[in-house]
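*Asks:* Line by line, the protein sequences are chains F and E.
In terms of my numbering, the first sequence opens at residue 1156 and continues consecutively.
In terms of my numbering, the second sequence opens at residue 1156 and continues consecutively.
Here it is, the structure in full.
Number of protein chains: 2
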Amino acid sequence: MTKPPANPTEEGRVARRRRRNRDALIAAARDIMTDKGVEAATMLEIAERADVGAGTVYNYFKSKDELAIAVLETLMHELGLRIEAVTNTFDDPPRSMPDLRTVLDTATNDVRWAQLLNRSEVIADAMFRMMGPFAIRDLRLASQAGRFHVSNADLVWRLSTHALIGASLAITTGQLPASASDQIIVRLLCMTGIGANAAVELAARPRPALKPEGNPAPPAPR
Amino acid sequence: MTKPPANPTEEGRVARRRRRNRDALIAAARDIMTDKGVEAATMLEIAERADVGAGTVYNYFKSKDELAIAVLETLMHELGLRIEAVTNTFDDPPRSMPDLRTVLDTATNDVRWAQLLNRSEVIADAMFRMMGPFAIRDLRLASQAGRFHVSNADLVWRLSTHALIGASLAITTGQLPASASDQIIVRLLCMTGIGANAAVELAARPRPALKPEGNPAPPAPR
DNA sequence: GCCAAAACTGAATGTTCGTCAAGTTTGGAA
DNA sequence: TTCCAAACTTGACGAACATTCAGTTTTGGC
């Protein structure tokens, strides 16, 4: 077990088992964390559900927090793929920063998300990183096309993620009515520098329905 | 000790002592939490610094979290008062939602804030509640004056707080350069529905310097 | 002074995260 | 096939911490 696999393109058995364990851990952690919250999920319970010893978890994740981050990244990645599969069917530049509306609806309606919103800076950061490539590209394209007025797409996306997660939290805790969703989208679009009227108009644009979750997307890379 | 004080307007000795203890606890917690972070601050250390037994803390705050919230409210309240003292000297309606720029600078430069940004949903909520009255009033006034285009000031302020705290965190963690401050303010102003150009112009408006902290403001009410 | 209610105390409790020494598996080399 | 060392796994354990609670002290009206 000292040499790397002869053929680098073929995944060695070790690597395969490692990946299987890692995925099992993330899946277990996701189930428990979405059920009881990140805090209440204990490492022991996660390890048991994934069928590994308590100590083994730490061979895969340095800390509980790192595991939570991996879970959030997985969720974001899957949602990003589902959105991407639909929105890339039409090509008007402002694709609304990968369909903010869908993200908002998912975050507020999917019970699995509710428990995670209390780590809002972590989930916002995961959203920034996992969906950022799509969103930032769209912001840039739309700006080049003169539809948005954004000079620093990175920054606008960062602000958007935090505002959106904050709004989701406010809705799930009842501080904002669910009916505020429309206005939330409008205000996020306002950050692109188009005025209020243009934002209202853009938000009203119909969007294709998302496919049901179906077969889960492959686990996040990395 | 069974009767309430004869004269309700005069604060009884008990109430006074209670308040003193409460303030001492908040002050102790603030010192330690800003120094080491909310997580790393232990209830025992806080109790010792406030010169009370470990159990006494729970006569004043139901949990560590509630104590942390009280600390954040205090910080926000003090900052709000300092800003209010300056900005109410000029009366053009858009006062820039109580000087977002000052909040951002304080959050990113004051070392005492850095440790607290990791509870971003909590600090954003404290900001929403403690500075909300000023901010929301300004948003309404400016909208009535036709300077902003905001129909739901509450919502815009909620989004702003989350975005601003998220941006502060990104700066203190080095994910955004401190030089992005100007653009952050511009984008927050964009949420008021004025276009990008108007936002740039408004952000460039000079603002009066804040008085140094001097004698600390009186503790937050409640 | 007296006393009951309120407040305080700090040791004890019950949990949890993360570590570690000991044991097991793996896959190439002899 | 047998051997071996590296890599991985295990689960008991230590340390730390939030919170509780039985016992003690303080309070303030009488």
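Just so you know, even glycine gets a beta-carbon here, dropped at the ideal spot from N, CA and C.
Give the secondary structure of M1346/E by DSSP, where H, G and I count as helix, E and B as strand, and everything else as coil.
*Replies:* As a first step, residue 1346/E is located in the second sequence; it is residue number 191 there, counting from the start. DSSP places M1346/E in coil when its eight states are reduced to three.
*Asks:* M1332/F by DSSP, collapsed to three states: which one?
*Replies:* If you number the first sequence from 1, residue 1332/F lands on position 177. Sequence inspection shows Pro at residue 1332/F; the Met mentioned does not correspond to that position. Of the three classes helix, strand and coil, the one that applies to P1332/F here is coil, per DSSP.
*Asks:* Tell me which residue opens and which closes the alpha helix (DSSP H) that F1303/F is part of.
*Replies:* Within the first sequence, the letter at position 148 stands for residue 1303/F. F1303/F -> no alpha helix (DSSP H), and no H or E assigned at all.
*Asks:* So, does the stretch 1254-1262 of chain E touch the stretch 1318-1326 of chain E, judging by three or more C-beta pairs under 8 Å?
*Replies:* The stretch 1254-1262 of chain E, when compared against the stretch 1318-1326 of chain E, does touch it at the 8 Å Cβ threshold.
*Asks:* Can you give me the Cβ contacts of M1285/E inside the same chain, cut-off strictly under 6 Å, excluding the 5 residues immediately before and after it?
*Replies:* Locating residue 1285/E in the second sequence gives position 130, where the first residue counts as 1. Cβ neighbours of M1285/E beyond the five flanking positions: E1228, M1231, H1232 and G1235.
*Asks:* Pop quiz: L1180/F and V1212/F are said to be a contact at Cβ under 8 Å. What is the actual Cβ separation, rounded to whole angstroms?
*Replies:* What you label residue 1180/F is simply residue 25 of the first sequence in a count that begins at 1. What you label residue 1212/F is simply residue 57 of the first sequence in a count that begins at 1. Confirmed, about 6 Å.
*Asks:* If I follow the unbroken alpha helix (DSSP H) through S1218/E, where does it start and stop?
*Replies:* If you number the second sequence from 1, residue 1218/E lands on position 63. Premise fails: S1218/E is in no alpha helix (DSSP H) and is neither H nor E.
*Asks:* What does M1346/E reach in chain F if we use C-beta pairs closer than 7 Å?
*Replies:* The sequence position of residue 1346/E within the second sequence is 191, counting from 1. Neighbours of M1346/E on chain F, chain order: R1342, C1345 and M1346.
*Asks:* Is R1295/F near A1308/F, with beta carbons less than 7 Å apart?
*Replies:* For this step, residue 1295/F is matched to residue 140 along the first sequence. For this step, residue 1308/F is matched to residue 153 along the first sequence. Yes.
*Asks:* Should R1185/E and Y1215/E be called a contact, given that it needs their Cβ atoms to be closer than 7 Å?
*Replies:* Numbered from its first residue, the second sequence carries residue 1185/E at position 30. Numbered from its first residue, the second sequence carries residue 1215/E at position 60. Against a cut-off of 7 Å, the Cβ pair of Y1215/E and R1185/E comes out as no contact.
*Asks:* Which residues in chain F have a C-beta closer than 7 Å to the C-beta of A1430/E? List them in chain order.
*Replies:* This structure gives no information on residue 1430/E, because the portion of chain E shown stretches from 1156 to 1377.
*Asks:* Is the beta carbon of V1241/E less than 7 Å from the beta carbon of M1188/E?
*Replies:* Taking the second sequence and counting its residues from 1, the one referred to as residue 1241/E is at position 86. Taking the second sequence and counting its residues from 1, the one referred to as residue 1188/E is at position 33. Taking 7 Å as the Cβ cut-off, V1241/E and M1188/E do not qualify as a contacting pair.
*Asks:* Could you work out which residues of chain F lie near V1311/E, taking near to mean beta carbons separated by less than 7 Å?
*Replies:* The sequence position of residue 1311/E within the second sequence is 156, counting from 1. Near V1311/E (Cβ distances below 7 Å), the residues of chain F are R1342.
*Asks:* Taking A1353/F as the reference, give the member of R1204/E, G1287/E, T1347/E and L1310/E with the closest Cα.
*Replies:* As a position in the first sequence, residue 1353/F is number 198, starting the count at 1. Comparing Cα-Cα distances from A1353/F to each of R1204/E, G1287/E, T1347/E and L1310/E, the minimum goes to T1347/E.
*Asks:* Using DSSP with H/G/I as helix, E/B as strand and the rest coil, what is P1288/F?
*Replies:* Indexing the first sequence from 1 puts residue 1288/F at position 133. Of the three classes helix, strand and coil, the one that applies to P1288/F here is helix, per DSSP.
*Asks:* For L1314/E versus A1351/F, is the C-beta distance shorter than 7 Å?
*Replies:* The count along the second sequence starts at 1 and reaches residue 1314/E at position 159. The count along the first sequence starts at 1 and reaches residue 1351/F at position 196. No, these two residues do not count as a Cβ contact at 7 Å.
*Asks:* At a CB-CB cut-off below 8 Å, which residues of chain F make contact with H1304/E?
*Replies:* Looking up residue 1304/E in the second sequence gives position 149. In chain order: G1350, A1351 and N1352.
*Asks:* Tell me, please, whether the CB atom of G1287/F is closer than 7 Å to any CB atom in chain E?
*Replies:* Position 132 of the first sequence, counting from 1, holds the residue named residue 1287/F. Not one chain E Cβ lies under 7 Å of G1287/F.
*Asks:* What separation, rounded to the nearest whole angstrom, lies between the Cα atoms of L1199/F and A1209/F?
*Replies:* In the first sequence, counting from the first residue as 1, residue 1199/F sits at position 44. In the first sequence, counting from the first residue as 1, residue 1209/F sits at position 54. The straight-line gap from Cα to Cα measures roughly 6 Å.
*Asks:* Any contact of the stretch 1288-1302 of chain E with the stretch 1296-1303 of chain F, i.e. 3+ C-beta pairs under 8 Å?
*Replies:* As far as the Cβ criterion goes, the stretch 1288-1302 of chain E does not touch the stretch 1296-1303 of chain F, which means the pair count is below three.
*Asks:* Verify the CB distance criterion: does G1192/E have a CB-CB separation below 7 Å to chain F?
*Replies:* Translated into positions along the second sequence, residue 1192/E becomes position 37. No - not a single Cβ of chain F is within 7 Å of the one on G1192/E.
*Asks:* Going by C-alpha to C-alpha distance, which of E1194/E, R1250/E, A1205/E and T1197/E sits closest to R1175/E?
*Replies:* Locating residue 1175/E in the second sequence gives position 20, where the first residue counts as 1. Checking every option, the nearest Cα to that of R1175/E belongs to A1205/E.
*Asks:* Using only alpha-carbon positions, find the residue among L1343/F, D1337/F and V1193/F that is nearest to P1361/F.
*Replies:* Taking the first sequence and counting its residues from 1, the one referred to as residue 1361/F is at position 206. Nearest C-alpha to P1361/F: D1337/F.
*Asks:* Identify each residue in the stretch 1270-1281 of chain E for which the Cβ-Cβ distance to at least one residue of chain F is less than 7 Å, and report them in chain order.
*Replies:* Listed by position, the residues of the stretch 1270-1281 of chain E near chain F (Cβ gap below 7 Å) are N1273, S1275, E1276 and A1279.
*Asks:* With a cut-off of 7 Å, does the C-beta of G1301/F fall near any C-beta of chain E?
*Replies:* Taking the first sequence and counting its residues from 1, the one referred to as residue 1301/F is at position 146. Judged by the 7 Å Cβ criterion, G1301/F is not in contact with chain E.
*Asks:* For the alpha helix (DSSP H) containing G1321/F, name the first residue and the last one.
*Replies:* Here residue 1321/F refers to the residue found at position 166 of the first sequence. A1308 to T1327 is the span of the alpha helix (DSSP H), which, as asked, contains G1321/F.
*Asks:* Should L1324/F be flagged as near chain E, meaning a C-beta pair shorter than 7 Å?
*Replies:* Along the first sequence, one-based indexing puts residue 1324/F at 169. Taking Cβ atoms only, chain E reaches closer than 7 Å to L1324/F, which makes this a yes.
*Asks:* Using the Cα positions of I1146/F and M1282/E, report the straight-line distance between them to the nearest angstrom.
*Replies:* The requested residue 1146/F does not occur in the structure, where chain F is confined to residues 1156 to 1377.
*Asks:* Output needed in chain order: residues of the stretch 1330-1341 of chain F with a Cβ under 9 Å from some Cβ in chain E.
*Replies:* Residues Q1330, L1331, A1335, Q1338, I1339 and V1341.
*Asks:* Might you give, ordered along the chain, the residues of its own chain that have their beta carbon closer than 7 Å to the beta carbon of W1268/E, omitting 5 neighbours on each side?
*Replies:* Residue numbering aside, residue 1268/E sits at position 113 when the second sequence is read from its first letter. Same-chain partners within the cutoff: T1261 and A1262.
*Asks:* Excluding the 5 residues flanking A1223/E on each side, which residues of the same chain have their C-beta closer than 6 Å to its C-beta?
*Replies:* Your numbering for residue 1223/E matches position 68 in the second sequence. Closer than 6 Å at Cβ, skipping near neighbours: V1193.
*Asks:* Which residue's Cα is closest to the Cα of A1333/E: L1310/F, R1302/F and P1249/F?
*Replies:* The residue you call residue 1333/E lines up with position 178 of the second sequence. That would be L1310/F, whose Cα lies nearest to the Cα of A1333/E.
*Asks:* List, in order along the chain, the chain F residues whose C-beta lies closer than 8 Å to that of N1307/E?
*Replies:* In the second sequence, the residue the question calls residue 1307/E occupies position 152. The answer, in chain order, is A1335 and Q1338.
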